[in-house]
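Taking it in order: structure first as structure tokens, then the write-up.
There are 4 protein chains.
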Amino acid sequence: MIKVGIIGATGYAGQELVRLIEQHPDAQIVTLTSQSYAGKDYSEVYSSYAHKSYVCQEEDIEKMADICDVIFLALPHGVASKKINNDILNKVKIIDLGADFRLQDIDVYEKWYTTHYSKDILPEAVYGLCEINRDKIKGKRIVGNPGCYTTCSILSLYPLVKEKMIDLSSIIIDAKSGATGAGRGLSLPNHYCELNESVKAYKIASHRHTPEIEEQLGYAAGEKIVLSFTPHLIPMDRGILATCYATLNDNYTYDDIRRAYEIYYKDEYFIRLTKEGVFPETKWVKGSNFVDIGFAVDERTGRVIVIGVIDNLFKGAAGQAVQNMNILFGIDEKTGLDYIPVFPA
Amino acid sequence: MIKVGIIGATGYAGQELVRLIEQHPDAQIVTLTSQSYAGKDYSEVYSSYAHKSYVCQEEDIEKMADICDVIFLALPHGVASKKINNDILNKVKIIDLGADFRLQDIDVYEKWYTTHYSKDILPEAVYGLCEINRDKIKGKRIVGNPGCYTTCSILSLYPLVKEKMIDLSSIIIDAKSGATGAGRGLSLPNHYCELNESVKAYKIASHRHTPEIEEQLGYAAGEKIVLSFTPHLIPMDRGILATCYATLNDNYTYDDIRRAYEIYYKDEYFIRLTKEGVFPETKWVKGSNFVDIGFAVDERTGRVIVIGVIDNLFKGAAGQAVQNMNILFGIDEKTGLDYIPVFPA
Amino acid sequence: MIKVGIIGATGYAGQELVRLIEQHPDAQIVTLTSQSYAGKDYSEVYSSYAHKSYVCQEEDIEKMADICDVIFLALPHGVASKKINNDILNKVKIIDLGADFRLQDIDVYEKWYTTHYSKDILPEAVYGLCEINRDKIKGKRIVGNPGCYTTCSILSLYPLVKEKMIDLSSIIIDAKSGATGAGRGLSLPNHYCELNESVKAYKIASHRHTPEIEEQLGYAAGEKIVLSFTPHLIPMDRGILATCYATLNDNYTYDDIRRAYEIYYKDEYFIRLTKEGVFPETKWVKGSNFVDIGFAVDERTGRVIVIGVIDNLFKGAAGQAVQNMNILFGIDEKTGLDYIPVFPA
Amino acid sequence: MIKVGIIGATGYAGQELVRLIEQHPDAQIVTLTSQSYAGKDYSEVYSSYAHKSYVCQEEDIEKMADICDVIFLALPHGVASKKINNDILNKVKIIDLGADFRLQDIDVYEKWYTTHYSKDILPEAVYGLCEINRDKIKGKRIVGNPGCYTTCSILSLYPLVKEKMIDLSSIIIDAKSGATGAGRGLSLPNHYCELNESVKAYKIASHRHTPEIEEQLGYAAGEKIVLSFTPHLIPMDRGILATCYATLNDNYTYDDIRRAYEIYYKDEYFIRLTKEGVFPETKWVKGSNFVDIGFAVDERTGRVIVIGVIDNLFKGAAGQAVQNMNILFGIDEKTGLDYIPVFPA
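Top to bottom, those sequences are chains A, E, G and Z. Per our numbering, numbering through the first sequence is continuous, rising by one, with the last residue being 345. Per our numbering, numbering through the second sequence is continuous, rising by one, with the last residue being 345. Per our numbering, numbering through the third sequence is continuous, rising by one, with the last residue being 345. Per our numbering, numbering through the fourth sequence is continuous, rising by one, with the last residue being 345.
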């Protein structure tokens, strides 16, 4: 049994992680912490856990490192980079669900986020996008678990970038997310009556997942990419849909594009390509680790349009974190993750 | 491995059953049928199953009986009673999710529903409300799986009736259900824009779950019960909340009532009593087999008010059906059902 | 033109009032105040007003009394009773949307709410339920505008109580409200992801609208009434549905009941009785001042079940407040209120 | 009083038109027709009209032309073009809410839609986008009322195209619509439980509003435009949000762009430009004729991103149709349309 610690267990992503580890056949929670609710029973924070009994602990990562095999961090950016050091990494694997170990370019990190406090460690961190970096993840001590929008966006575009089928300067990602993406913190925009029955864009040309997508797609391309990313808030709990636009470099047909996707994804259990003419909906993957992807070639404009969907709390956060754990510990990648989507939910 | 057949696998309850059996460690689907979609791939009917491959079969219950250990029926009322006979029951266990084997009083059945075509078999059918009838279910050949409203209503009131703490003529159940309860069939009232952002009562004083609740609570009371039951439709996918009112027979306190509930439920894994002053929400049990129950004594009116919640497709249909299967086959009742609720979803 | 002042204009009910007065042909806003947003442009508080320009003022009721014909107060309970005195009432009409002038029984008020600071004035306040108290409202200086649940509940039951057709000790009101009823203040239960896709009961046997319903129905009955009232929160913005249960005093038929409703409501423009067998949904009255009422006789239990629906912010708050203004100023009661419901919305 | 006939009054857009004309001070409904519900009372089709009494008529446009001043058609495409001829236009003004008189390029119409049956009349039809074509509308006999997506998209981009600030080959419009846009006809994708809590794209690179946007923006540009348009379905009743992307032709600043918008819109009552850094939400315009527009310059990519929102049934259909009527009959364009958005709704 993999012994698991969870720091920041009372946010939505933290809670999803608790749920998945609890139901994981080869892992068990040793301790979970919460700054806001330390000392409280977890079931007071989430009534859905009324039949379980954990007490939220004060965080003490040093101690946790002694008793855990892996620690998940689900914290605001800038916090994890202060906590992690070599001593800890010598004792325990770290999977960080925050942003601190996702970007390798420190200047980019500090421009879009804040000061980074473990620049020495950053280079060994691996970007935990499992389907792309599986081999690089194995054996690592620390994983930067990808963002929700980025997971969906990168996986939607990766084969096209890798196969050099699109004009890299033409990429536009118009993404739509359910409200769990905004977290559990109170704010007027997330008040029920304000968010319900409405749709809006936010952080236009300034969302922090932009450089993360650019860096990873840049690695795939072998050159720097600058792209447009626009997130939108949708009146629903879970789900991300990314609508990706790019100009094709040639008169590629649907079949040409499909071949590219199959090169990279045909053996990927968690990536499901839809049939021609079919485009995925977020509801098809809710409560699961699946990424559904469909695409169309628009001959009129010479563009390809790719639609990708994920459950933002599952494949977009906790599910992928568990997938990374499975890879790190050398067990079947699907273990504890092979859920059929819950429908309709 | 228990070999499972599912007849009527493409309705919402049927699909939930497919999902739960697929994920059940000790059972596997041998065949699933659909009248509407025979010959089609199941993933065309439910895109959430894109990674699976079943073909929807024409129904042939005789054949299925030869190759299955248990057959689940998820059919409109009046259909199952035509299909079941002694030959079949000699070969295979039957769990009927429809109404045909729930009511023992044939006159009541025929008054509220339609002609019953297997009156000879009805007496041996057991009402599959697991927490109440567990011992009666064991060894049976045929189980009438309870309705969604009835499961929630009966479990909410059972201890009070059994302990004779309430005036049996005073029972009023005001129930609220998500829209999956209305099924997948198209109709104007279930068209998105009509149902969304609205609440309504329906089938007032005439809903067919009324006699089912009355019969079962009548058994508990040892006398005939007539009660009021009013269902409401709520703009959400899943969940039932039953608000139950009854006049107390004495000046019972909260603790008196609580003791009654604990007599019957303290060892029931899937029934969770909330703390005093806390009342359950449907979201706390979504995607799980739990029944959460809370109650208050209103000294001003001399009434007890009980709130019970379930996931109507899970404990209210497919989950309880699997629970019945587990009981019939003598395996741990929680097997394949021990999910933490998916939250927020 | 009636000169209007609004105190507490930035809550949901306050805003609805601003909207209705702005569109009222015979009234105009002279000043509007907000404690939280004083000095801010109203369109910063509500972007829907981007084409208008008001500045939220600091409240100064004395000054307002000099320049207004009527002042609406939309304030937390206990605040209005401190502000109102004889000097003010000599200068301006007051319509209070809060609870302070609704209950005549001061002990009941102080038990369910807080200390009352204008006990001398309370006796002359009229309960502004227009369809019932129209004649009493005329000429008054101060109106206690009814609560949302109470408006719906009282109007649903009034004819039955007045005509002595029901057992007064048997009344149960199970009410369902959209989330605007909980206001604009932030709280975890009203956070989008918590409230969405869920239903719950709250303040069971303890909601403050209970004594208000009891007092008014008590006047209608000519005797004290004690009843059960249970509010529920529904995942939608607007609307209240009250499901009312009572035991009939005799073998009354549907037609008997209908006659009772027609005695009181047949000339009431804003009350619409549905046809036999039809029960109203909240969506049918959204964005309007209408109250739709339907009912059924349940011969099996001897009960009548009445369903009433309103838009909680309109007839349940601001609309009725304007209706009271129209009565006070002797203009056609429908002025500025005769909107067809917005559907689907 | 303008005498109004409405053909196709029982769809969602038709109903919104009935509502707006009913509340219009200078117009009145003379007759309304419905193919599906002829002979039925309108309040049976829409319960929100319980206080009104119209009977749905069989359509007879010849007769209607004799008694009406203007006829609105809300019909499936291909139907209106069969009904309209010179005789009718000599007697009555026509405002067609369908697609038949929107496109001037007959080949484009017949490629994207179907055969056109009044090619002789088409050239005199005016595209009723009021803010752009106001002067051309005056005096016309027939108006093609714009589509919902097109109204939002064109108005969002018009100043940029007109002022030649963007690369015309770079335009991408990613649009999101509430479910009323899909109409009242039953279908599985619009079944509550399927659409709720999900988001999807549809008719990718093939939606019929594409050529309409292209034709109109092409007029503005003085050259042919080909662009990408992708509609999405959002789980809400009303509202369209268009996210528009285009590459800037120069290093334009926010202020440069703003000046362009103000040239065309500063005197437009129904167009509200948001402040810098503020982007509109659909909820801000619900139940109103307003178009809210905000934009940002993304220096990193050299693109401008424009967000426009409307209520699809109001400014996107019935409201604009009434606005066209007001223009045709020479009355104040705001008459019967000057509603503050209903919020929260």
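Yeah, the Cβ is synthetic: ideal placement off N, Cα and C, and Gly gets one too.
Contact annotation: V278 of chain E and D311 of chain E have beta-carbon atoms that are not nearer than 8 Å.
The continuous beta strand (DSSP E) containing D96 of chain G extends over residues K93 to D96. 8 Å or more divides the Cβ of E58 of chain A from the Cβ of I271 of chain A. Considering only beta carbons, the part of the region 277 to 305 of chain A lying closer than 9 Å to chain E consists of V278, P280, E281, K283, W284, V285, K286, G287, S288, F290 and D292, in chain order. Going by C-alpha positions, T335 of chain G is about 17 Å away from G128 of chain G. Residue environment for A38 of chain A: exposed (fewer than 16 other C-beta atoms within 10 angstroms of its C-beta). One alpha carbon belongs to K136 of chain Z, the other to F101 of chain Z, and they sit about 15 Å apart. Across the set Z:A220, Z:S206 and Z:K138, the C-alpha of Z:A220 shows the shortest separation from the C-alpha of Y158 of chain Z. Per the DSSP secondary-structure output, E268 of chain Z pairs with nothing in a beta bridge. In the three-state reduction of the DSSP assignment, F295 of chain G falls in the strand class, which pools E and B.
The region 167 to 226 of chain Z is shown to contain whole beta strand (DSSP E) runs of 3 or more residues at 172 to 177, in chain order. Under the Cβ distance rule, Y245 of chain Z counts among the residues neighbouring chain A, one pair being separated by less than 8 Å. One thing to note: S48 of chain A has its Cβ no nearer than 8 Å to the Cβ of F314 of chain E.
With respect to the 8 Å criterion, R238 of chain G and V226 of chain E are not classified as neighbours on the basis of their beta carbons. For A246 of chain Z, the closest of Z:N289, Z:R259, Z:S228 and Z:A99 by C-alpha to C-alpha distance is Z:S228. For the options G:T151, G:G147, G:D87 and G:K164, the alpha carbon positioned closest to that of D120 of chain G is the one of G:D87. Per DSSP, T151 of chain A is one residue of the alpha helix (DSSP H) stretching across C148 to K162. For A179 of chain A, at least one C-beta of chain G is nearer than 8 Å to its own C-beta.
Proximity of the region 21 to 38 of chain E to the region 49 to 69 of chain E meets the contact definition, three or more beta-carbon pairs being nearer than 8 Å. In the three-state reduction of the DSSP assignment, R238 of chain Z falls in the coil class. If you keep only unbroken alpha helix (DSSP H) runs of at least 4 residues inside the region 74 to 126 of chain Z, you get 80 to 83, 86 to 91 and 106 to 112. In the DSSP assignment, D311 of chain A is bridged to no other residue. Considering only E:A27, E:V291, E:M165 and E:I6, the residue with the shortest C-alpha distance to S153 of chain E is E:V291. Considering only G:I204, G:A205 and G:N190, the residue with the shortest C-alpha distance to S198 of chain G is G:N190.
Comparing alpha-carbon positions, the option among G:F72, G:G8 and G:V70 lying closest to V45 of chain G turns out to be G:G8.
Per DSSP, the continuous alpha helix (DSSP H) segment holding Q320 of chain Z begins and ends at G319 to L328.
Under the 10 Å beta carbon count, G139 of chain G is surrounded by fewer than 16 other beta carbons and is classified as exposed. Beta-carbon to beta-carbon, A175 of chain G and L233 of chain G are separated by about 10 Å, too far to satisfy the 8 Å threshold. Following the DSSP letters along the chain, one finds A65 of chain G in no beta strand (DSSP E) but inside the alpha helix (DSSP H) bounded by residues I61 to I67. Straight across, the Cα-Cα distance linking V297 of chain A with I171 of chain Z is about 16 Å.
Taking the Cα positions, I61 of chain E is about 15 Å away from L97 of chain E.
Annotation for Y269 of chain E: K334 place their beta carbon closer than 7 Å to its own, counting only its chain and skipping 5 residues before and after.
In this model, P341 of chain G and A50 of chain Z are separated by some 10 Å (Cα to Cα). Using a Cβ-Cβ cut-off of 8 Å, H209 of chain Z does not count as an interface residue toward chain A, since no Cβ of chain A sits closer than that to its own.
Residue pairing by DSSP places Y42 of chain E in no beta bridge whatsoever.
At a cut-off of 8 Å between beta carbons, T114 of chain A makes no contact with chain Z.
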